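Enquirer:
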Amino acid sequence: MLKLSNLKIDPEFSAQILPLSFEELQQLEMNMIRDGKLTDPIIVWNKTILDGHNRYNLLKKHSFIEYEIKEMEFSSHQEALIWICNHQLGRRNLTPQQKKYLIGQRYKAEKQIHGGDRKSEQAKSSSQNGNLISPLKTCDRIAEETNTSKNYVIRAEHFSDGIDAAEEVLPGIKNDLLLGKYKPRETDVAAIAKAAPEERREKAEQLRVIPEKKP
Numbered sequence: 448m449l450k451l452s453n454l455k456i457d458p459e460f461s462a463q464i465l466p467l468s469f470e471e472l473q474q475l476e477m478n479m480i481r482d483g484k485l486t487d488p489i490i491v492w493n494k495t496i497l498d499g500h501n502r503y504n505l506l507k508k509h510s511f512i513e514y515e516i517k518e519m520e521f522s523s524h525q526e527a528l529i530w531i532c533n534h535q536l537g538r539r540n541l542t543p544q545q546k547k548y549l550i551g552q553r554y555k556a557e558k559q560i561h562g563g564d565r566k567s568e569q570a571k572s573s574s575q576n577g578n579l580i581s582p583l584k585t586c587d588r589i590a591e592e593t594n595t596s597k598n599y600v601i602r603a604e605h606f607s608d609g610i611d612a613a614e615e616v617l618p619g620i621k622n623d624l625l626l627g628k629y630k631p632r633e634t635d636v637a638a639i640a641k642a643a644p645e646e647r648r649e650k651a652e653q654l655r656v657i658p659e660k661k662p
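For the sequence shown, the working numbering gives the first residue as 448, with consecutive numbering after it.
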């Protein structure tokens, strides 16, 4: 049986977890203390947390609280990443920016699984094992499942790349952008990832400039 001390955190996985507000985190802690146990399990794969990072941190703070760890099975890191994105997309009250970021991250992960050489031994093996590749293109299928459009999914990938590139040079801006504190043009966000490394910080700082309203 897994214990809290056995669990690990993967930076790529934790980067997909949408942050709780201060009030939400405070309420979660109060509920855990009041109930003396978690209502939702910590979900892991290969001892790595997929869902429950906040609960995990609070459990380390309050060792008396009872908890459950649920193990998932995936064949690859990318499959686990896709699960996280889908799970986060099921949250209520997502901002438009959060939804777009998660869809973009999911699209990138799925392309890495299904978008390679269909004639490779790995692809043949996947088909033989019954994991048939959908006849729909990855972007079309994700658009259908998320009630968006093909172009939205493609733009979402560029948007998420820009968000991550901005966060690398300007830590903290990711949450501000995803929570809608700043609302730059989508193309300006995407441009960060395409810019030369030495230009990225300046372009990321410009995302914080709120344009004047037209009279």
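Note that the Cβ used here is the ideal one computed from N, Cα and C, for glycine as well.
This structure is a prediction, so every number in the text was calculated from the model and none was measured.
Within 10 angstroms of its Cβ, does phenylalanine 460 collect 16 or more other Cβ (buried), or is it exposed?
Expert: Buried.
Enquirer: Going by the beta-carbon positions, is the gap between lysine 558 and threonine 585 smaller than 7 Å?
Expert: Against a cut-off of 7 Å, the Cβ pair of threonine 585 and lysine 558 comes out as a contact.
Enquirer: Enumerate, from N- to C-terminal direction, the unbroken beta strand (DSSP E) stretches of 3 or more residues contained entirely within the region 481-521.
Expert: Counting whole runs of 3 or more residues, the region 481-521 contains the beta strand (DSSP E) stretches 489-492, 495-498, 516-518.
Enquirer: Counting pairs of Cβ atoms below 8 Å between the region 477-487 and the region 497-512, do you hit three or more?
Expert: Contact holds: three or more Cβ-Cβ distances are below 8 Å.
Enquirer: Could you spell out where the alpha helix (DSSP H) holding arginine 655 opens and where it closes?
Expert: Taken as a continuous stretch (DSSP letters only), arginine 655 belongs to no alpha helix (DSSP H), as it is neither H nor E.
Enquirer: How would you label glycine 609, buried or exposed, when you count the other beta carbons within 10 angstroms and need 16 or more for buried?
Expert: Flag for glycine 609 reads buried.
Enquirer: With a threshold of 16 other CB atoms inside 10 Å of the CB of leucine 579, please say whether the residue is buried or exposed.
Expert: Legend: pLDDT at leucine 579 = 43, less than 50; position of this residue unreliable, no value from coordinates given.
Enquirer: Taking the alpha-carbon positions, what's the arginine 647 to arginine 632 distance?
Expert: Computed Cα separation, rounded: 16 Å.
Enquirer: Once the 5 residues before and after serine 572 are set aside, which same chain residues still bring their CB inside 8 Å of it?
Expert: Because the pLDDT at serine 572 is just 42, under 50, the model does not fix this residue reliably, and the value given afterwards should be weighed accordingly. So no residue of the chain qualifies.
Enquirer: When you compare only the Cα positions, how much space is there between leucine 654 and proline 543?
Expert: Spanning the two alpha carbons is a distance of roughly 17 Å.
Enquirer: Pull up the distance between the alpha-carbon of serine 574 and that of serine 522, whole angstroms please.
Expert: At serine 574, the pLDDT of 38 sits below 50, so the modelled position is not reliable and the matter cannot be decided from this model.
Enquirer: By DSSP, does isoleucine 628 sit in helix, in strand, or in coil?
Expert: Correcting the residue type first, residue 628 is lysine in the shown sequence and not isoleucine. Coil, per DSSP.
Enquirer: So what does lysine 455 bridge to, in DSSP terms?
Expert: Paired residue(s): Thr495.
Enquirer: Can we say the region 613-622 touches the region 634-650, given the rule of at least three CB pairs closer than 8 Å?
Expert: Flag = yes, the region 613-622 and the region 634-650 touch.
Enquirer: Please report the distance separating the alpha-carbon of glutamate 645 from that of isoleucine 464.
Expert: Each residue's Cα considered, the two are about 28 Å apart.
Enquirer: Exposed or buried, which one is arginine 553 when buried takes at least 16 other CB atoms within 10 Å?
Expert: It counts as buried.
Enquirer: When DSSP labels each residue in this structure, what does alanine 462 get in the three-state scheme?
Expert: Coil at alanine 462, not helix or strand.
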